[in-house]
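Heads up: the structure comes next, in structure tokens.
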Amino acid sequence: MRRGHASPGGPANQESVVPFIHVRYSTPVEKDLRQAIATFVTDTTARALRKKADVTAVALERVPPGDWFIAGKPLTEHRKATFFVEVRVTLGTNLKEEKATYLREVFQGMEALLGPVHPESYVHVHEATGDAYGYGGVSQEARSVRSTS
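If you count the sequence shown from 1, you need to add 6 to reach this note's numbering.
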């Protein structure tokens with residue numbers, strides 16, 4: 007199976023997929039956005055990448071604007087919000103088009119939540135091989151084999 011392409015029968019079933027999402031964000035205005043961001047990234051990941059929301063974990067970190075630098079300047083000088091969203095999924099479970107949709111929708115949604123964002127705000131879809139990634143002490147590869155036997 008080639009990276010970014012589905013298997014001949016289509017992307018792997020949802021049982022072989024478990025996302026972990028790490029969100030770092032910074033805003034010039036201090037307000038508690040944790041629940042809104044966690045709900046947004048979970049829902050968007052479930053819809054755009056076809057992942058199960060009930061096994062999705064999210065970790066959030068709010069970074070003070072004076073501690074986030076873009077082009078060598080602290081965010082306080084840019085006077086915009088920014089973010090870095092990383093999602094970890096099993097390799098080969100999403101099409102390139104799905105990942106492109108996800109990148110676009112997460113950027114737009116985070117901007118809607120945070121306010122105007124600096125263009126150097128990032129979304130990264132990490133794809134891990136099924137034997138190197140899992141939850142509950144079981145790899146995604148083993149979980150997939152178990153569900154098909």
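All C-beta atoms in this analysis are idealised placements derived from N, C-alpha and C, irrespective of residue type, glycine included.
query: Rounded distance between the beta-carbons of D49 and A59, thought under 8 angstroms; result: 7 angstroms
query: Environment of A87 [buried if 16+ CB atoms lie within 10 Å]; result: buried
query: One or two residues paired with I76 in a DSSP bridge; result: K79
query: Minimum length 4: unbroken alpha helix (DSSP H) runs contained in the stretch 67-154; result: 81-84, 102-120 and 146-154
query: Beta-carbon proximity list for Q20, same chain, < 6 angstroms, skipping 5 on both sides; result: Confidence at Q20 is low in this model, with a pLDDT of 44, below 50, so its placement is unreliable and the value that follows should be read with caution. If we look at Q20 and ignore the five residues flanking it on each side, its Cβ neighbours are K58.
query: CA-to-CA distance, T45 to P70, given in whole angstroms; result: 22 angstroms
query: Local Cβ density within 10 Å of Q41, reported as buried at 16 or more and exposed below that; result: exposed
query: Any 3 or more C-beta pairs closer than 8 angstroms across the stretch 75-83 and the stretch 112-120; result: no
query: Residue nearest to V35 in terms of C-alpha spacing, selected from T82, V93, N100 and V95; result: T82
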